[in-house]
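K.L.:
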Amino acid sequence: DAGITQSPRHKVTETGTPVTLRCHQTENHRYMYWYRQDPGHGLRLIHYSYGVKDTDKGEVSDGYSVSRSKTEDFLLTLESATSSQTSVYFCAISELSTSGEQYFGPGTRLTVT
Amino acid sequence: TQLLEQSPQFLSIQEGENLTVYCNSSSVFSSLQWYRQEPGEGPVLLVTVVTGGEVKKLKRLTFQFGDARKDSSLHITAAQPGDTGLYLCAVILTGGGNKLTFGTGTQLKVEL
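Protein chains in written order, with the numbering used here: chain E, 25 to 137; chain B, 443 to 554.
The following block contains the structure:
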């Protein structure tokens, strides 16, 4: 299994509070991704990173920001959490390849009340 | 609109039965991936198919990429309770970065 950890694994927070989720990898993979998974929508890309300090938006980036100051860490921040951001968040990593396989972390369940 | 349509959405079968799930699109892809996700865990890559008409086998699972590279199927022979999970297909988006888009998945439950 790829060495990917996410923290926290579960979090309950109130509307309007900032939240940061952490993804840590030990595989030295170049690409890192944040997805959210919701019933009926599957996995949707929030942001991704193609190197240290290099990030770009995904399909559902509004309300989220990311940072990558080290190869191994990719942070997802909800500046002011809303109930619509209640979801399960997955981090994934990938190395450059023609088929683009990704390896996922165990997920963080976030509830915004 | 969803780029990848998966069917059926839900499937509940008895142990020992065979089943097929589908991933369809109107677009052509250079490759397609299948993942399985168990409750409380992240998706795990099962296989990547890259050639039109390609068939890959993983024990009791058979994956096929359509000749036109627009669709794929996953066939499970003699399903077991351990096959229970969410099966997701995914393809690489254009624009670099190895970005994937996923289908909404087929939720499979195999009962004793």
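Beta carbons: idealized from backbone N, C-alpha and C, even for Gly.
Just the C-alpha distance for B:L542 and E:H71, rounded to the nearest angstrom, thanks.
P.N.:
Numbered from its first residue, the second sequence carries residue 542 of chain B at position 100. Numbered from its first residue, the first sequence carries residue 71 of chain E at position 47. So the alpha carbons of these two residues sit roughly 12 Å apart.
K.L.:
Can you check the stretch 463-488 of chain B for any beta strand (DSSP E) of at least 3 residues that lies completely inside it and give the ranges in chain order?
P.N.:
Listed in chain order, the complete beta strand (DSSP E) runs (minimum 3 residues) inside the stretch 463-488 of chain B are 474-479.
K.L.:
Just the chain B side, please: which residues come within less than 8 Å of E:Y74 by C-beta, in chain order?
P.N.:
Taking the first sequence and counting its residues from 1, one reaches residue 74 of chain E at position 50. By Cβ distance, chain B contributes G538, G539.
K.L.:
Looking at the secondary structure, which residues open and close the beta strand (DSSP E) in which E:S73 lies?
P.N.:
Working through the first sequence from its first residue, we reach residue 73 of chain E at position 49. 66-75 is the span of the beta strand (DSSP E), which, as asked, contains E:S73.
K.L.:
Which residues in chain E have a C-beta closer than 7 Å to the C-beta of B:F544? List them in chain order.
P.N.:
The residue labelled residue 544 of chain B in the question sits at position 102 within the second sequence. Neighbours of B:F544 on chain E, chain order: G66, L67.
K.L.:
State the CB to CB distance for the pair B:C531 and B:L474, rounded to an integer number of angstroms; the pair is presumed to be in contact (CB under 8 Å).
P.N.:
Taking the second sequence and counting its residues from 1, one reaches residue 531 of chain B at position 89. Taking the second sequence and counting its residues from 1, one reaches residue 474 of chain B at position 32. Right, the Cβ-Cβ distance comes to about 6 Å (below 8 Å), so this counts as a contact.
K.L.:
Secondary structure at B:G527, three-state DSSP: helix, strand or coil?
P.N.:
Residue 527 of chain B sits at position 85 when you count from the first residue of the second sequence. Three-state DSSP puts B:G527 in a strand.
K.L.:
Check whether chain B comes within 9 Å of E:M126, counting only Cβ atoms and requiring the distance to be less than that.
P.N.:
Here residue 126 of chain E refers to the residue found at position 102 of the first sequence. Looking at the sequence shown, residue 126 of chain E is not Met but Gln. True, the Cβ-Cβ gap to chain B drops below 9 Å.
K.L.:
Between the Cα of E:T137 and those of E:P42, E:G131, E:V43, E:E38, spot the shortest distance and give me the residue it belongs to.
P.N.:
Counting from one through the first sequence, the residue named residue 137 of chain E turns up at place 113. Residue E:E38 is the option with its Cα nearest to E:T137.
K.L.:
With C-beta atoms as the reference, is E:S111 less than 9 Å away from E:R60?
P.N.:
Here residue 111 of chain E refers to the residue found at position 87 of the first sequence. Here residue 60 of chain E refers to the residue found at position 36 of the first sequence. Against a cut-off of 9 Å, the Cβ pair of E:R60 and E:S111 comes out as a contact.
K.L.:
By alpha-carbon positions, which one of E:G40, E:G64, E:L45, E:R54 ends up nearest to E:S121?
P.N.:
The residue labelled residue 121 of chain E in the question sits at position 97 within the first sequence. Selected option, being the one with the closest Cα: E:R54.
K.L.:
In whole angstroms, give me the CA-to-CA distance for B:K551 and B:G527.
P.N.:
In the second sequence, residue 551 of chain B corresponds to position 109, counting from 1. In the second sequence, residue 527 of chain B corresponds to position 85, counting from 1. Taking the straight line joining both Cα atoms gives about 7 Å.
K.L.:
Rounding to the nearest angstrom, what Cα-Cα distance links B:Q456 and B:G482 in this structure?
P.N.:
The residue you call residue 456 of chain B lines up with position 14 of the second sequence. The residue you call residue 482 of chain B lines up with position 40 of the second sequence. Going by the C-alpha atoms only, they are around 23 Å apart.
K.L.:
Going along the stretch 480-505 of chain B in order, which residues come within less than 8 Å of chain E, judged by CB to CB distance?
P.N.:
The residues in question are G482, E483, G484, P485, V486, L487, T490, V492.
K.L.:
Nearest-angstrom Cα distance between E:W58 and E:V76?
P.N.:
Within the first sequence, the letter at position 34 stands for residue 58 of chain E. Within the first sequence, the letter at position 52 stands for residue 76 of chain E. Cα to Cα, E:W58 sits roughly 15 Å from E:V76.
K.L.:
State the CB to CB distance for the pair E:T132 and E:Q49, rounded to an integer number of angstroms; the pair is presumed to be in contact (CB under 8 Å).
P.N.:
To locate residue 132 of chain E, count along the first sequence from 1; it is residue 108. To locate residue 49 of chain E, count along the first sequence from 1; it is residue 25. The pair is not a contact, with the Cβ atoms about 15 Å apart (cut-off 8 Å).
K.L.:
Determine the DSSP secondary structure at E:Q109, reduced to helix, strand or coil.
P.N.:
Walking along the first sequence from the start, residue 109 of chain E turns up at place 85. Here E:Q109 sits in helix by DSSP.
K.L.:
Anything in chain B within Cβ reach of E:Y55, meaning under 8 Å, just list it in chain order.
P.N.:
Taking the first sequence and counting its residues from 1, the one referred to as residue 55 of chain E is at position 31. Simply G539, N540.
K.L.:
Can you tell me which of the three DSSP states B:K512 falls into?
P.N.:
Taking the first residue of the second sequence as 1, we reach residue 512 of chain B at position 70. In this structure, B:K512 counts as coil in the three-state DSSP scheme.
K.L.:
Would you say B:G547 lies against chain E (beta-carbon separation less than 9 Å)?
P.N.:
Indexing the second sequence from 1 puts residue 547 of chain B at position 105. Closer than 9 Å to some Cβ of chain E, the Cβ of B:G547 qualifies, so yes.
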